[in-house]
Structures are given as structure tokens and as C-alpha cells.
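Colleague:
What follows is the structure, encoded as C-alpha cells:
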């Protein structure tokens, strides 16, 4: 095990101490229950599930291992930024994945999670920060800055993930997508004011008398593929409202909705994929209300070919490492493809996908996206006649569950369990965004540098959130579902409270509304991590020179 040489960390609050103690008890209890269950032949009893749920999404921890030791120095001591394996759970146990039933109690058929189950993994609408479950850190700490990133909300499938024949059309008549531009007036009047000459226009998808529409394979209907659905828009609106209740009503960090200064205190960012803009508009409406929606807001976006949020900038080293992980040279990946063969045969027969279509059989991504989108929108799983007979071959719920189990295994393998390559690939391909995050956290401690910004909000993709969880070395890795959220809360010790040698600034990291547990010992349970420790960890992975990520991506 790699051991970090850190100065003793004063635990910032009794809540943190209680959590660490509870964590140790849960770990010991989880290990004991696992041993008992193996002996009895029952892998996961209801009691072990209840204990394990305290560790995140209803899954428990068995053992963690480490490879190597990479150290960087900070004012608070030495930070270990080496790779540490995630906990061993059902998710990354290939035998349990291949032979199991269900999907660990995860939800795949509705955006709604009952209050007493909130925090359970819900692919259709992942748990996020909301006031009912939110835990404060202690009155001696003041929240001074928040930066969060989340995946877009639920949508139609990508066209590339469609089956050759999709018998049911998918229409989006219950929403419109606006597309228009307007010049900025010379007199400086805001372009969204009423005197703008542009009329808002929206698209209506039509294919009248177009012969190429007849017999067109794949998804049919007047939706875009992808497009955030009306259900996803509603989830986005609620997400924004929930964040306002925590960061304005509870913390007072965000200005009030009637205070026009909020526009100068917040920054929102999207990618070049339009579905993130569809989401952010609803998030803004939920956060700032209908009155603010009438005025519009500029959101940040980087050029598509170098976007650090999606991410899209060129990074040959990361591409090579990810390809290596997903190749036959990785024995675990090879075994998982062998285990998938019977399932692929069943899915191909029911969907009409050709067994020779490599894009559908290099992993479960295409099947996962198609089937999960249907279930989240209460659409039937696919069926098709076999050999033009009346006999129908259908994808069963058990088949879909197996796809989802393998999907989680794949994401764990790609971003965590395949070893140090996962950390190196993620820190290179998402390192620019992490460096931007580090700069924002540093600036937030200095009012002159922060320019009054107290909140940054990024709407991104599963690949964005997965890489971030990989960099943070999430102890239990899952495929980030729709709306998956990671929050960085920056706290300052209030005046009059004794400060330790860490400078008085701490960061709490939340995933799914709960404190994130990292396998890395320098981060651990990320309740209140000294800011310089977190920044030292980031610097160790991404470098400190302006072009360090470029060099890393090019193997220099």
C-alpha cells in the first residue's frame, strides 16, 4: 500500500469524525458479512445490502489495493497521487455480473425516486444535491464558492445506437427547440431585450414527399436523435430548483432571484453538443425563475476541437491508453467479451443488429443507450419476427438487466479497475478542465481574483463525469446516469475560529448528493479536504506548467 506522508489533519467537525468512525464500522461489518455470505452461499443478503448502502448507491466495500507511490509536496505535507484500486463489489466482479440477476437495486424505469430511497442510483435521473437530504458541515465553516459538473438529463437515443428497424416512432411534439441569432445593438442594449428585431424561431422536423424517408433505417419520428425529452427537461428544471434551495435558501451563497446582481456572480458552461444547452436553459429557469428566463443569459462554451469539458481536445496518449484497456491485450476485457457472446446473440436476434456490426459488439454501449432510453420513457423493449414467421423474439427485462450490469463493469474497468492506465488516461484527457477547476478554487480564496464569482455550473456528458471520477479515484465506480452530479464546495474557517496549518480552506466533494469516497489515501472520505491537499493532488497529476497537459497528451 502506498502511504502518504501528511501532516496530521485536524478533522474539521465532529460530523466528520462521526462519519470516519461510522465508515470504519461499516467496512468491518461489510467484510464480515461478505465472509458469512460466501460460507452460506448467499452473496448479498438483505442485511449486507442495508449496511453497504451507507457506502454509496447500495454497494459495499471488500478490499482496496494500491500500485506504486507518487508524491507531491504541499504546505500541508506530502500528497500521494498514485493509483489505488477501487473496492471490490458486485459491479467489478465479472462472475457476479455474468451470472447475476437484476441491477443491484438500481432504477431504470422512471425519473421519480421515492423520498425514502433518494440516494439510490437512478439511471433516468440520478440523485443530486437537494435540501431534504443535504448535510451541513458545521457552523464554524462558511461556504464561499461552489463549482459543479453534471451530465445532461434524459434524452432520446443517439441515431448511431438505433436498431436497423425501430417499429415505434419517437415524436417530440410536446416541446420545441429554438434556433435563432440576433445582433448586439450598437447602443449596447442587451440583445435579449424586447426591442430586438429577431423573432424567436424553432425547428419542426418534416419529411414531406421526401423519398429517402421511406424505408430509412433506424429511429423514426420528429425528435432529434439525440434530443432532451420533455421528461428530461422537467428533470432539469427541478435540478435547478433544488440547487437554489440549498445554495441560496440554506447557505445564502447565491443571490436572491430578485437581486439582479446574480448575473455577475455565476458562470454557466456547456459543450458544443446542443443537448447540454437544452438542459442548461431549464436548469437556469429552475434556479432563477420565470422572470429571469425572459432576459436570457450568456453561457460559456469553448471551441469544439479543443473543448476541455466534453472533452474534445487532441490527446494521443489518452486515446492509446483507453484503446489498450479495451483490447484483447487486457485479459479482463477479453474475458468479459467472451462472457458477452451468448447475450449478444440474443440481443442481435431480437433487435435485427447484424452480428458482424463491430460497433454494437466491441462493448455494450450501443445496446445500453438504446434499451435504457426506452425504459426511462416507459417504451417497450424491442421485438421482431424471426424468419418472417409469427414467432416473435424479444429482448426481455433480464436481458436488459444483463446489459446494464455489463455496462457498469465496463465503466469500472475503463476508468478505475484496469490499473494506473485509467488514471493516466483520464488525467491527460480531462486534465485541462481539472486545471481550470484548480485555478477557480485558488482564485475563490482571493476576492480580487475571484471577481465576485461564487458559483460555476457545467453541463456535460458521461465521459466528462467518468473521467473526473477516475481522477478522484472513486472507490465505487458506476456508469454516471442522467444528471449525474459532482459538486466541489469550498469552505473557509470563520473569523474567530482557531485555524490549523492548512490555511483555513477546505473542500467537500459530493457525488450523487453524498460525500465522495476516494480510494486514494490523501483524499479518502472527501468530507473536508484541506484545499492545498486537493490542489497538490491535481498538480501532481496534471502538472503546473501552462502547457503541461499538452506535453502529457503528446508523451513529452
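Residue numbers (this note's numbering): 1 to 556. The C-beta atom is built at its ideal place from N, Cα and C for all residues, glycine as well.
Would you mind listing the alpha helix (DSSP H) stretches within the segment 199-260 that are 4+ residues and don't spill past its ends, in chain order?
Modeller: Segments of the alpha helix (DSSP H) lying fully in the segment 199-260: 230-244.
Colleague: Which value, in whole angstroms, describes the spacing of the CA atoms of residue 509 and residue 489?
Modeller: Translated into the one-based positions of the chain shown, residue 509 becomes position 509. Translated into the one-based positions of the chain shown, residue 489 becomes position 489. Near 6 Å, if we compare the C-alpha coordinates of residue 489 and residue 509.
Colleague: What is the residue span of the alpha helix (DSSP H) that residue 97 lies within?
Modeller: Working through the chain shown from its first residue, we reach residue 97 at position 97. Residue 97 -> alpha helix (DSSP H) spans 94-99.
Colleague: Using the C-alpha atoms, what's the distance from residue 97 back to residue 113?
Modeller: Residue 113 sits at position 113 when you count from the first residue of the chain shown. Residue 97 sits at position 97 when you count from the first residue of the chain shown. Cα to Cα, the separation comes out at about 24 Å.
Colleague: Apart from the five residues just before and just after residue 299, which ones in its own chain have a Cβ nearer than 8 Å to its Cβ?
Modeller: If you number the chain shown from 1, residue 299 lands on position 299. These residues qualify, in order along the chain: 268, 269, 270, 277 and 280.
Colleague: Using the Cα positions of residue 414 and residue 422, report the straight-line distance between them to the nearest angstrom.
Modeller: Within the chain shown, the letter at position 414 stands for residue 414. Within the chain shown, the letter at position 422 stands for residue 422. Roughly 6 Å between the two C-alpha positions.
Colleague: Figure out for me which residue from 435, 531, 160 and 388 has the closest Cα to the Cα of residue 541.
Modeller: Counted from its first residue, the chain shown places residue 541 at position 541. Of the listed residues, the one whose Cα sits closest to residue 541 is 435.
Colleague: Which value, in whole angstroms, describes the spacing of the CA atoms of residue 135 and residue 119?
Modeller: Within the chain shown, the letter at position 135 stands for residue 135. Within the chain shown, the letter at position 119 stands for residue 119. So the alpha carbons of these two residues sit roughly 13 Å apart.
Colleague: Among 159, 109, 128 and 251, which one has its Cα closest to the Cα of residue 141?
Modeller: Your numbering for residue 141 matches position 141 in the chain shown. Looking at the Cα atoms, 251 is the closest of the given residues.
Colleague: Expressed to the nearest angstrom, what Euclidean distance is found between the alpha-carbon atoms of residue 329 and residue 321?
Modeller: As a first step, residue 329 is located in the chain shown; it is residue number 329 there, counting from the start. As a first step, residue 321 is located in the chain shown; it is residue number 321 there, counting from the start. Approximately 11 Å between the Cα atoms of the pair.
Colleague: Taking the alpha-carbon of residue 441 as reference, which of 315, 90, 531 and 126 has the nearest alpha-carbon?
Modeller: Translated into the one-based positions of the chain shown, residue 441 becomes position 441. Closest by alpha carbon: 531.
Colleague: Can you name, in chain order, every residue of its own chain whose Cβ lies under 7 Å from the Cβ of residue 333, other than the five neighbours on each side?
Modeller: Translated into the one-based positions of the chain shown, residue 333 becomes position 333. Correct list, in chain order: 325, 326, 327 and 413.
Colleague: So, residue 384 versus residue 165, is the Cβ gap smaller than 8 Å?
Modeller: Working through the chain shown from its first residue, we reach residue 384 at position 384. Working through the chain shown from its first residue, we reach residue 165 at position 165. Yes; because the gap between Cβ atoms is below 8 Å, this pair is in contact.
Colleague: Can you check whether the CB of residue 122 is closer than 8 Å to the CB of residue 317?
Modeller: Locating residue 317 in the chain shown gives position 317, counting from the first residue. Locating residue 122 in the chain shown gives position 122, counting from the first residue. Result no, Cβ atoms of residue 317 and residue 122 do not sit closer than 8 Å.
Colleague: According to DSSP, simplified to helix, strand and coil, what is residue 420?
Modeller: What you label residue 420 is simply residue 420 of the chain shown in a count that begins at 1. Secondary structure of residue 420 (DSSP, three-state): helix.
Colleague: Check the C-beta distance from residue 468 over to residue 149 and give it rounded, since I have them as a contact under 8 Å.
Modeller: On the chain shown, residue 468 is found 468 positions in, with the first residue counted as 1. On the chain shown, residue 149 is found 149 positions in, with the first residue counted as 1. Yes, they are in contact, since the Cβ atoms of residue 468 and residue 149 sit about 7 Å apart, within 8 Å.
Colleague: Closest to residue 242 by C-alpha separation, out of 264, 263, 222 and 286, would be which residue?
Modeller: As a working note, residue 242 is residue 242 in the chain shown. Comparing Cα positions, the closest option is 286.
Colleague: So residue 465 is in the alpha helix (DSSP H); what residue range does that whole segment cover?
Modeller: What you label residue 465 is simply residue 465 of the chain shown in a count that begins at 1. Counting along the chain, the alpha helix (DSSP H) containing residue 465 begins and ends at 462-471.
Colleague: Check each candidate in 406, 246 and 341 and name the one with the smallest Cα separation from residue 479.
Modeller: Position 479 of the chain shown, counted from the first residue, corresponds to residue 479. Residue 479 has its Cα closest to that of 406, out of 406, 246 and 341.
Colleague: By Cβ distance, which residues of its chain are closer than 7 Å to residue 159, with the 5 residues on each side in sequence left out?
Modeller: Start at 1 with the first residue of the chain shown, and residue 159 comes out as number 159. For residue 159, where only same-chain residues beyond five positions count, the Cβ hits under 7 Å are 218, 219 and 225.
Colleague: Give me the DSSP bridge partner(s) of residue 142.
Modeller: Translated into positions along the chain shown, residue 142 becomes position 142. Answer by DSSP bridge pairing, in chain order: 492.
Colleague: For the candidate residues 223, 246 and 151, whose alpha-carbon lies nearest to that of residue 563?
Modeller: It is not possible to answer for residue 563, since the shown part of the chain is limited to 1 through 556.
Colleague: Roughly how many angstroms separate the alpha carbons of residue 210 and residue 216, rounded to a whole number?
Modeller: The residue given as residue 210 occupies position 210 in the chain shown. The residue given as residue 216 occupies position 216 in the chain shown. Each residue's Cα considered, the two are about 11 Å apart.
Colleague: For the alpha helix (DSSP H) containing residue 447, list its first residue and its last residue.
Modeller: Position 447 of the chain shown, counting from 1, holds the residue named residue 447. That run of the alpha helix (DSSP H) goes 447-450.
Colleague: Indicate whether residue 409 and residue 94 have their beta-carbon atoms separated by less than 8 Å.
Modeller: Start at 1 with the first residue of the chain shown, and residue 409 comes out as number 409. Start at 1 with the first residue of the chain shown, and residue 94 comes out as number 94. Residue 94 sits close to residue 409, with the two beta carbons spaced by under 8 Å.
Colleague: Who pairs with residue 150 in a beta bridge, going by DSSP?
Modeller: What you label residue 150 is simply residue 150 of the chain shown in a count that begins at 1. DSSP, once it has assigned bridges, lists 459 and 485 as partnering residue 150.
Colleague: Quick one: residues in its chain with C-beta nearer than 6 Å to the C-beta of residue 306, no 5 flanking neighbours on either side, listed in chain order?
Modeller: Within the chain shown, the letter at position 306 stands for residue 306. Excluding positions up to five away in sequence, the list reads 313.
Colleague: Pull up the distance between the alpha-carbon of residue 110 and that of residue 229, whole angstroms please.
Modeller: In the chain shown, counting from the first residue as 1, residue 110 sits at position 110. In the chain shown, counting from the first residue as 1, residue 229 sits at position 229. Going from the Cα of residue 110 to the Cα of residue 229 covers about 13 Å.
Colleague: Run the CB neighbour count on residue 213, radius 10 Å, all protein chains shown included, and call it buried at 16 or more, exposed below.
Modeller: Locating residue 213 in the chain shown gives position 213, counting from the first residue. Under this definition residue 213 is an exposed residue.
Colleague: Determine the burial state of residue 83: buried for a count of at least 16 other Cβ atoms within 10 Å of its Cβ, exposed for fewer.
Modeller: Sequence index remark: in the chain shown, residue 83 carries index 83 (1-based). Burial call: buried.
Colleague: In angstroms, rounded to a whole number, what distance separates the CA positions of residue 465 and residue 516?
Modeller: As a first step, residue 465 is located in the chain shown; it is residue number 465 there, counting from the start. As a first step, residue 516 is located in the chain shown; it is residue number 516 there, counting from the start. Straight-line Cα distance between these residues: approximately 13 Å.
Colleague: Using a 10 Å radius around the Cβ and a threshold of 16 neighbouring Cβ atoms, would you call residue 178 buried or exposed?
Modeller: Mapped onto the chain shown, residue 178 falls at position 178. The residue in question, residue 178, is exposed, as its Cβ has fewer than 16 Cβ neighbours within 10 Å.
Colleague: May I ask you to report which of helix, strand or coil DSSP gives residue 80?
Modeller: As a position in the chain shown, residue 80 is number 80, starting the count at 1. DSSP places residue 80 in strand when its eight states are reduced to three.
Colleague: Below 8 Å on the Cβ atoms is my contact criterion, and I expect residue 382 with residue 402 to pass it. Report the Cβ-Cβ distance as a whole number of Å.
Modeller: In the chain shown, counting from the first residue as 1, residue 382 sits at position 382. In the chain shown, counting from the first residue as 1, residue 402 sits at position 402. That belief does not hold up - the Cβ atoms of residue 382 and residue 402 are roughly 15 Å apart, past 8 Å.
Colleague: Do the segment 334-350 and the segment 425-432 touch if we need at least three Cβ pairs shorter than 8 Å?
Modeller: no
Colleague: Leaving out five residues on either side along the sequence, give the residues of the same chain with a beta carbon under 6 Å from the beta carbon of residue 221.
Modeller: For this step, residue 221 is matched to residue 221 along the chain shown. Counting only Cβ-Cβ distances below 6 Å, and skipping sequence neighbours, we find 169, 170 and 171.
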